Structure formats: C-alpha cells, structure tokens
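In our numbering, the protein residues as written are 65 to 315.
We put the beta carbon where it would ideally sit given N, CA and C, even for glycine.
Note that the coordinates shown come from a computational prediction; the quantities given were computed from them, not determined experimentally.
Worksheet: the structure to be examined is printed underneath.
Below you can see the structure in the form of structure tokens.
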C-alpha cells in the first residue's frame, strides 16, 4: 500500500511527463509548418503569404488526453486516501464535480463525502468545481469527459511572420547593421490566423522568418481557442495545489 497521497503525487508527476512529451511533439510539428507565397493578379509589386497548416497527428491528442486524465485521477485518489486515513470505505468515492453551485453543495453535504466528516466537507465547500465557479477546475473534468468521446486534437490558430529589418538594411546598404527595438529585435507581425493572406513585397521575402506558432483547443472542445500547453500546465498546478492543501490538513 502506498503512503497517503503518494498515488496522487505520482499521477501529477505522470501528468507533467505527458505535458513535456506534448511540448516536444508540438515543437517538432511546428517546425514542419510552411508558408506559401502567391502572386497577386494584376499587381507586380506585392504577393501574398498564405498559411494553411495540416493538423497535428492524432498522437498529439492521445498525449494531451493522458495528461488530462492523470491530473483528474490525482484528485480521485486524494479523496480515497482521506477515506483510508479515517478508516472509511472508498466505495463510490471520487472528487465531486457538478453543473451548478447548488448541485455541488448538495453533492458535498449529502453525497458520499458525508462519511469522511464535517471538517472534510467544509474543506470541499471552499472549492468551486462547477460551471460559473472555478472554470479551470471544472474544465479539467469537462476535458476528461470529452476525451472519452472524441480526440483532444488541437488546431493551429495563431502565428506571425517576423521581418528581419536589420538583415534587410544590411543588404541594402552593403554593410552589417545591428538593429534593435524595445523588444530586443526588429519584427513586424504580418500574419495572425490559419488560412490568412497578407500582401508582402517580394523583395522582403528572403528576410521573412517564421515566428511563434500557437496550438489551441478546437471549437468542439472545452477551452476552445485557448493555448493547449498553457491550459494543461495551469490544470496540473491547480490539481497539485488541491492535493497539497488536503494532504496538509488530513494526513
């Protein structure tokens, strides 16, 4: 038998491992993204940049789902460990989630958590894992449920191209020029959304660099439009904070 809350912490460590794997997979994917240059009919001065990325492979969704599931499971194991510490049955025990605040309060006060004691119930009432409460905590449950029915496949939502002004001026003036702005370098945002087209002078093409690429949850998923990696990181941290708080009070 593992020490109390060891199982929860192991699950959180596993969630972190999956998130690191996801970071590496998405980094490799982002390196494959390309932009297409097309002439503009009737315009000899400008052409367009088009960004139409292929979706990440399904392995991305599997790793993201494993990350969510482990973070969610850490909370269930935490509840069961509190029960074991108090010599109570773990049957039907799990971390409570609800649709509304009133449903959650009823679940905590009149559901399976009653056997753990009033002090435990009061600690759970400090949490808000319902819609309109703690959206991040409730969303952990929603993503876990969604993963059982469809893949958590992210999409590329936002990117930008950087124009290396220093390199361009160096070429024009025939000497090496260091150019700095308030952000530490010269860049111009040219493109923001997948499938977007913007005009650009062909003369600048060789000084265009692919900038940051963000992968976000698709429109059919909880947290649609939110950065996948940042959201999962916050969820793992939140689950860890809850486990730490409860273990500190009931070990």
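According to DSSP, residues forming a beta bridge with residue i
{"i": "residue 105", "result": "Bridge partners of residue 105: none, in fact."}
{"i": "residue 123", "result": "None; residue 123 has no bridge partner."}
{"i": "residue 219", "result": "280"}
{"i": "residue 16", "result": "No statement about residue 16 is possible, as the shown extent of the chain runs from 65 to 315 and does not include it."}
{"i": "residue 194", "result": "162"}
For residue i, three-class secondary structure by DSSP
{"i": "residue 288", "result": "strand"}
{"i": "residue 163", "result": "coil"}
{"i": "residue 281", "result": "strand"}
{"i": "residue 98", "result": "coil"}
{"i": "residue 244", "result": "With a pLDDT of 39 at residue 244, under the threshold of 50, the predicted position of this residue should be treated as unreliable, and no value is reported."}
{"i": "residue 315", "result": "coil"}
{"i": "residue 141", "result": "helix"}
{"i": "residue 75", "result": "helix"}
{"i": "residue 150", "result": "coil"}
{"i": "residue 128", "result": "helix"}
{"i": "residue 157", "result": "coil"}
{"i": "residue 135", "result": "helix"}
{"i": "residue 214", "result": "coil"}
{"i": "residue 66", "result": "coil"}
{"i": "residue 118", "result": "coil"}
Presumed contact (8 Å Cβ cut-off) between residue i and residue j, rounded CB distance
{"i": "residue 279", "j": "residue 126", "result": "Rounded, the Cβ-Cβ distance is 15 Å, inconsistent with contact."}
{"i": "residue 193", "j": "residue 292", "result": "Wrong, their Cβ atoms sit about 21 Å apart, outside the cutoff."}
{"i": "residue 79", "j": "residue 135", "result": "4 Å"}
{"i": "residue 286", "j": "residue 167", "result": "Rounded, the Cβ-Cβ distance is 18 Å, inconsistent with contact."}
{"i": "residue 132", "j": "residue 204", "result": "7 Å"}
{"i": "residue 176", "j": "residue 157", "result": "5 Å"}
{"i": "residue 97", "j": "residue 277", "result": "6 Å"}
{"i": "residue 47", "j": "residue 302", "result": "Nothing can be reported for residue 47: it is not among the residues displayed for the chain, which extend from 65 to 315."}
Beta-carbon proximity list for residue i, same chain, < 6 Å, skipping 5 on both sides
{"i": "residue 245", "result": "Only weak support exists for where residue 245 lies, its pLDDT of 36 falling under 50; the value from the coordinates is given anyway. Around residue 245: no qualifying Cβ."}
{"i": "residue 151", "result": "none"}
{"i": "residue 142", "result": "72, 307, 310"}
{"i": "residue 93", "result": "120"}
{"i": "residue 124", "result": "89"}
{"i": "residue 288", "result": "281"}
{"i": "residue 129", "result": "211, 216"}
Sequence-distant residues of the same chain with beta carbon closer than 8 Å to residue i, five excluded per side
{"i": "residue 297", "result": "83"}
{"i": "residue 85", "result": "127"}
{"i": "residue 290", "result": "280, 281"}
{"i": "residue 164", "result": "194, 195, 196"}
{"i": "residue 300", "result": "76, 79, 80, 83, 131, 135"}
Chain-order list of residues whose beta-carbon lies under 7 Å from that of residue i (same chain, five-residue window excluded)
{"i": "residue 171", "result": "160, 162"}
{"i": "residue 304", "result": "76"}
{"i": "residue 146", "result": "180, 184, 310, 314"}
{"i": "residue 187", "result": "310, 313"}
{"i": "residue 137", "result": "75"}
{"i": "residue 154", "result": "144, 147, 148"}
{"i": "residue 208", "result": "132, 133, 136"}
Residue i: CB within 7 Å of a non-hydrogen atom of the ligand MG
{"i": "residue 160", "result": "As presented, the structure is devoid of all ligands, the ligand MG included, so that no description of it is given."}
Start-to-end residues for the alpha helix (DSSP H) that takes in residue i
{"i": "residue 202", "result": "199 to 211"}
{"i": "residue 176", "result": "Residue 176 -> no alpha helix (DSSP H), and no H or E assigned at all."}
{"i": "residue 188", "result": "182 to 189"}
Cutoff 8 Å: residue i Cβ touching any chain D Cβ
{"i": "residue 303", "result": "Considering every chain present, this structure includes no chain D. It has just one protein chain."}
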